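What follows is a single structure, written as structure tokens, with notes after it.
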Amino acid sequence: MSIVVGLIAIGVLALIFGIILGFAAVKFKVESDPIVDQIDEILPQTQCGQCGYPGCRPYAEAIANGDDINKCPPGGEATIKQLADLMGVEAKPLDAAHGTEDVKKVAVIREDECIGCTKCIQACPVDAILGAAKQMHTVIEHECTGCDLCVEPCPVDCIDMVPVKAKPETWQWDLKSVKANVSMADNIPVKMVE
Amino acid sequence: MRDIKSFVEAGLIGQFPGGIHPPERKSPANQQPLRRLPLPAELVLPLRQHIGPSGQCLVKVGDNVLKGQQLTEAKLSQGLPLHAPTSGTVSAIEERPTAHASGLPEMAIVITPDGDDRWGPKQPLPDFRQQDRATLIEHIQAAGIAGLGGAGFPTAQKLASQKPIQYLIINGVECEPYICADDRLMREQADEIVSGIQILQYISNAEQVLLAIEDNKPEAIESMRNAITGIDDISLRVVPTKYPSGGEKQLIELLTGAQVPHNQLPLDVGLLMQNTGTAYAVKRAIIDGEPLLERVVTLTGECMHNPGNVWALLGTPIDHLLQQGNFQAEEETRVIMGGPMMGFTLPVTAVPVIKTTNCILTPTLEELPPAQAEMACIRCGACAEVCPATLQPQQLQWLAKAKDYDALEQHNLFDCIECGACAYVCPSEIPLVHYYRKAKAEIRNIAREKAKAELARQRFERRQQRLEREKQERLERHRKAAEARKKMQQEKAQQSAPAADQPAATKPAQDKSSAVAAAIARAKAKKAAQQAAQQESSDKDT
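The listed protein sequences correspond, in order, to chains A and B. With the first letter of the first sequence counted as 1, position 194 gets the number 365 in our numbering; the numbers rise by one all the way through. With the first letter of the second sequence counted as 1, position 176 gets the number 195 in our numbering; the numbers rise by one all the way through.
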């Protein structure tokens with residue numbers, strides 16, 4: 172008899188907790204951030220394809236499936252470090268087979284040489300080139316990711332990749348770059364003596 | 020809020036944490052009366068002189084401009100307009116080095132003065148109390164007035180806040196060594212400053228005005244005290260000399276005994292602060308109808324043999340100021356824009372005076388010896404004791420060197436006002452502020468890059484969607500075309516079957532037309548095949 176009471180009691184308890192847990196699972200459901208999104212967030216979104224995948228998102232998917240994290244030259248060391256932290260693997264040097272880290276660049280069309288073939292427009296992964304057939308094309312500078320993909324298709328070779336020009340608001344306080352005799356010793360505040 | 024009120028009504032002066040007492044060295048520059056300079060050979064006006072984007076250029080090369088004529092257009096919240104500081108000709112619109120530590124070039128309007136200094140039409144509003152608030156704010160915006168104390172925040176934007184203002188604080192503290200531009204202005208133009216203060220009070224609807232001056236300027240205090248006698252709602256507060264008591268948050272703590280909470284503005288707690296120079300500029304804009312065309316600049320340092328304060332037109336090349344101050348270069352002389360604590364060494368002296376230029380300092384090496392080689396931090400804690408923002412400068416320095424940007428933000432790097440007190444007391448000669456500036460620039464850059472990457476990602480995804488959609492449409496079109504062809508062929512087959520029974524005479528003509536139709540069909544099929552092949556290959560590409 173006592174066994175039956177015990178079984179019933181435990182059964183009732185199991186039912187109650189089951190209901191609570193079931194309710195909590197629905198009510199407090201946590202939408203887990205998929206790892207692919209997190210990786211995609213870290214990648215520089217140049218969509219250059221240097222990693223061998225057609226864009227940053229496909230590469231993010233590949234990393235999530237176990238591909239190497241050192242195939243992204245535009246991201247460079249900083250991206251590799253962040254990816255290593257996220258994926259819990261060792262950071263390794265950039266795979267030279269996919270290119271080397273370079274200064275940030277932007278595409279510029281030499282407009283008087285452009286024949287209006289639209290080939291670069293088709294190649295641009297972020298639609299940053301403006302133009303129409305037999306009309307001059309131009310690059311929307313602040314939307315260009317510097318991916319290099321428009322250079323190769325151009326039949327008249329009129330696209331240059333130029334380093335992004337430093338502006339006062341993006342300047343990194345690199346005093347040595349300004350002038351040879353402005354050095355760390357010229358930092359403010361200047362020491363004052365009585 | 021109530022305790023601010025009781026604190027202010029009791030006329031108390033509070034304290035802020037930290038601070039230093041560097042040598043003041045306000046004389047000899049503060050002993051000379053304000054003077055005007057001969058016109059320079061050219062005036063260079065960078066389109067961007069302050070925080071925020073630059074305005075739209077309204078003039079072109081070769082235009083003749085009158086003094087006070089508007090050169091650029093900018094709406095409220097989009098920066099400030101710029102005006103011609105004297106009459107003359109626009110001789111160029113080109114990139115020129117700017118008054119920035121980097122010396123990087125920015126677009127500028129270059130004016131060659133004609134020497135007549137002819138005014139264009141002025142629009143004064145002398146009876147400002149008859150005007151409504153919005154009109155006056157618009158007028159101040161149109162006059163291009165920026166905060167003349169430090170960062171150059173557009174004054175109209177600050178005034179346009181809808182938050183109720185309890186106290187208007189007028190900052191005449193000028194705590195940085197050497198600089199005495201506000202000091203001289205208060206001594207000589209006290210009445211104008213007071214009218215400017217009254218206009219600001221009318222616009223902001225502040226209950227009370229607190230005018231703060233540091234106690235090392237007795238003449239300015241005297242002059243301002245005389246000017247405000249009989250005006251009940253302006254009270255003078257003399258604050259003890261300590262650097263950086265002129266910082267916005269530091270002065271608020273001195274005058275109200277309360278701190279502005281982290282991530283909030285003084286406006287959020289009912290306080291509005293304006294510099295005395297700004298008050299003067301507001302008076303000139305409203306009462307006299309003159310936009311901001313000039314400002315007081317202190318010329319000082321032992322290499323300047325004719326030191327003093329001058330009215331410098333905006334755009335005056337620093338070279339011209341140096342010449343007027345009788346600057347004698349010695350070996351390795353630095354030309355510093357701003358004071359010795361917060362200024363920066365100019366990489367080139369061909370840069371112009373802008374709205375925020377308050378001082379040109381040319382010290383000798385004995386006067387302000389350059390910092391020695393940086394040594395290791397010994398964790399003495401002297402920097403933490405003097406930090407007016409109660410940060411941990413030594414910790415920030417370690418983090419900045421390690422490029423640990425998340426931790427820097429957690430340690431409130433952006434509360435740092437870059438006053439330089441920490442670097443001033445550092446026994447290891449560590450250029451602390453330099454590390455903070457670098458780290459701040461880097462953090463801002465990372466944020467900018469991130470926003471750009473996000474934009475690129477969106478554009479990439481949209482493009483992928485578009486290509487997919489176009490592909491589907493194309494397939495659909497081809498399918499329909501193929502169906503139509505099939506139907507036509509079937510019809511033709513049906514037609515040609517009875518045609519076989521027709522008399523032989525019509526047969527050659529029939530044959531001919533069916534041959535043409537067949538050729539067209541063949542060509543179409545070929546074209547479709549080509550297109551399909553092309554599409555396949557382009558699909559592979561993308």
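All C-beta atoms in this analysis are idealised placements derived from N, C-alpha and C, irrespective of residue type, glycine included. Only a predicted model underlies this, so the values are computations on that prediction, with no experimental measurement involved.
inquiry  = Using a Cβ-Cβ distance cut-off of 8 Å, determine whether N464/B contacts chain E.
reply    = Of the protein chains in the structure, A and B, none is chain E.
Any idea if D202/B is buried or exposed, counting beta-carbon neighbours within 10 angstroms, 16 or more meaning buried? Residue 202/B sits at position 183 when you count from the first residue of the second sequence. So D202/B ends up on the buried side.
Exercise. Out of curiosity, what's the CA-to-CA distance linking M332/A and C315/A?
Worked result: Position 161 of the first sequence holds residue 332/A. Position 144 of the first sequence holds residue 315/A. M332/A and C315/A have their C-alpha atoms spaced approximately 11 Å apart.
Exercise for the section: With a threshold of 16 other CB atoms inside 10 Å of the CB of P359/B, please say whether the residue is buried or exposed. Expected result: Numbered from 1 along the second sequence, position 340 holds the residue referred to as residue 359/B. The residue is buried, with at least 16 neighbouring Cβ atoms inside 10 Å.
Original post:
Hey, L90/B and E207/B are a contact pair by Cβ (cut 8 Å); roughly how many whole angstroms apart?
Top reply: Here residue 90/B refers to the residue found at position 71 of the second sequence. Here residue 207/B refers to the residue found at position 188 of the second sequence. A Cβ-Cβ separation of about 29 Å leaves L90/B out of contact with E207/B under the 8 Å criterion.
Among Q343/B, Q347/B, V316/B and G344/B, whose alpha-carbon lies nearest the alpha-carbon of L333/B? By one-based count along the second sequence, residue 333/B stands at place 314. Checked all of Q343/B, Q347/B, V316/B and G344/B; the closest Cα to L333/B is V316/B.
Original post:
Does S264/B have its Cβ less than 8 Å from a Cβ in chain A?
Top reply: In the second sequence, counting from the first residue as 1, residue 264/B sits at position 245. So, not an interface residue.
**OP:** Note down, in chain order, each residue of its chain lying with its Cβ closer than 6 Å to the Cβ of T525/B, except the 5 sequence neighbours on either side.
**Re:** Residue numbering aside, residue 525/B sits at position 506 when the second sequence is read from its first letter. For T525/B, the predicted model reports a pLDDT of 49, less than 50, meaning its position is unreliable; a value from the coordinates is still stated below. Closer than 6 Å at the Cβ level, and outside the excluded window around T525/B, lies no residue.
Anticipated Cβ contact below 8 Å, D273/A with K242/A, distance rounded:
The sequence position of residue 273/A within the first sequence is 102, counting from 1. The sequence position of residue 242/A within the first sequence is 71, counting from 1. About 15 Å separates the two Cβ atoms, so there is no contact after all.
### Query
Any beta-carbon of chain B closer than 8 Å to the one on A337/A?
By 1-based counting over the first sequence, the position of residue 337/A is 166. At least one chain B Cβ lies under 8 Å of A337/A.
Classification of C445/B by the beta-carbon crowding that lies within 10 angstroms, buried from 16 upward: Here residue 445/B refers to the residue found at position 426 when the second sequence is read from its first residue. So C445/B counts as buried.
- prompt: Residues of chain B with a CB under 7 Å from the CB of G226/A: which are they?
  reply: The residue you call residue 226/A lines up with position 55 of the first sequence. Going along chain B in sequence order, the residues near G226/A (Cβ under 7 Å) are F479.
Exercise. So, is V80/B buried or exposed, given that buried needs 16 or more other C-beta atoms within 10 angstroms?
Worked result: Residue numbering aside, residue 80/B sits at position 61 when the second sequence is read from its first letter. Burial call: exposed.
Worksheet item: Who are the neighbours of K290/A on chain B, taking C-beta pairs under 9 Å?
Response: Within the first sequence, residue 290/A is the residue found at index 119, counting from 1. What K290/A touches in chain B: nothing, since even the nearest Cβ is about 11 Å away.
Residues in the segment 89–121 of chain B with C-beta within 9 Å of chain A's C-beta atoms, listed in sequence order? Cβ contacts with chain A: T117, H119, A120 and S121.
Original post:
Taking Cβ to Cβ, would you say Q363/A is nearer than 8 Å to P36/B?
Top reply: Translated into the one-based positions of the first sequence, residue 363/A becomes position 192. Translated into the one-based positions of the second sequence, residue 36/B becomes position 17. The sequence shown places Met at residue 363/A, rather than the Gln named in the question. The beta carbons of M363/A and P36/B sit no closer together than 8 Å.
Query raised in the report: So is M361/B in contact with chain A if we call contact Cβ pairs under 8 Å?
Result: As a position in the second sequence, residue 361/B is number 342, starting the count at 1. At least one chain A Cβ lies under 8 Å of M361/B.
Note to self: Going by the DSSP bridge assignment, what does H102/B pair with across the sheet?
What the structure shows: Mapped onto the second sequence, residue 102/B falls at position 83. Per DSSP, Q89/B.
So, do the segment 114–134 of chain B and the segment 47–65 of chain B have three or more beta carbon pairs nearer to each other than 8 Å?
Taking 8 Å as the limit for Cβ pairs, the verdict is that the segment 47–65 of chain B does touch the segment 114–134 of chain B.
**OP:** Taking only beta-carbon positions, decide if K362/A is within less than 8 Å of chain B.
**Re:** Walking along the first sequence from the start, residue 362/A turns up at place 191. By this cut-off, K362/A is an interface position.
Self-check item: Proximal residues of chain A, C-beta to C-beta of V329/B below 7 Å
Solution: One-based indexing of the second sequence puts residue 329/B at position 310. Residues of chain A passing the Cβ test: none, with the nearest at roughly 22 Å.
Residues bridged to K276/A by DSSP? Locating residue 276/A in the first sequence gives position 105, where the first residue counts as 1. P334/A.
Inset, instruction - Run the proximity test for S121/B: is its beta-carbon closer than 7 Å to any non-hydrogen atom belonging to the ligand ADP? - result: Among the components modelled here there is no ligand, and therefore nothing to report on the ligand ADP.
Practice item. Output the boundary residues of the beta strand (DSSP E) element that contains Y186/B. Key: Here residue 186/B corresponds to residue number 167 of the second sequence, with the count starting at 1. First-last of the beta strand (DSSP E) with Y186/B: Y186 to G191.
Are the CB atoms of L291/B and K374/B nearer to each other than 8 Å? Against the second sequence, residue 291/B aligns to sequence position 272. Against the second sequence, residue 374/B aligns to sequence position 355. No; because the gap between Cβ atoms is not below 8 Å, this pair is not in contact.
Name, going along the chain, the residues of the segment 243–276 of chain A whose beta-carbon falls closer than 8 Å to a beta-carbon of chain B. Listed in sequence order: no entries.
TODO: Specify whether the segment 288–304 of chain B and the segment 214–231 of chain B touch according to this definition: at least 3 beta carbon pairs, one from each stretch, less than 8 Å apart.
DONE: Output reads yes: the segment 214–231 of chain B touches the segment 288–304 of chain B.
> Between P450/B and A442/B, is the Cβ-Cβ spacing less than 8 Å?
Replying inline: Here residue 450/B refers to the residue found at position 431 when the second sequence is read from its first residue. Here residue 442/B refers to the residue found at position 423 when the second sequence is read from its first residue. A Cβ-Cβ contact shorter than 8 Å links P450/B with A442/B.
Query - Span separating the alpha-carbon of D328/A from that of P296/A - result: Numbered from its first residue, the first sequence carries residue 328/A at position 157. Numbered from its first residue, the first sequence carries residue 296/A at position 125. Take the alpha-carbon of D328/A and the one of P296/A: they are about 19 Å apart.
* Put I373/B into one of helix, strand or coil per three-state DSSP. => On the second sequence, position 354 is the one that residue 373/B refers to. Taken through DSSP and simplified to helix, strand or coil, I373/B comes out as coil.
(message) So that I know if they touch, is there some Cβ in chain A lying closer than 8 Å to that of H158/B?
(response) Numbered from 1 along the second sequence, position 139 holds the residue referred to as residue 158/B. Residue-level contact check: H158/B does not touch chain A, since none of the beta carbons of chain A fall below 8 Å from its beta carbon.
Give the DSSP-derived three-state secondary structure of A209/B in the structure shown.
Translated into the one-based positions of the second sequence, residue 209/B becomes position 190. In the structure shown, A209/B sits in a helix (DSSP, three-state: H, G or I).
Taking the C-alpha atoms as reference points, what is the distance between I251/A and A262/A?
-> Position 80 of the first sequence holds residue 251/A. Position 91 of the first sequence holds residue 262/A. Pairing I251/A with A262/A, the inter-Cα distance amounts to about 6 Å.
* To do: Specify, as a first and last residue, the run of the beta strand (DSSP E) that P205/A falls within.
  => Position 34 of the first sequence, counted from the start, is the residue given in the question as residue 205/A. Segment: none, P205/A is in no beta strand (DSSP E) and carries neither H nor E.
*Give the straight-line distance between the Cα atoms of M172/A and L184/A, rounded to the nearest whole angstrom.*
Against the first sequence, residue 172/A aligns to sequence position 1. Against the first sequence, residue 184/A aligns to sequence position 13. One C-alpha to the other measures close to 19 Å.
When you compare only the Cα positions, how much space is there between V279/B and I271/B? Numbered from its first residue, the second sequence carries residue 279/B at position 260. Numbered from its first residue, the second sequence carries residue 271/B at position 252. Cα to Cα, the separation comes out at about 8 Å.
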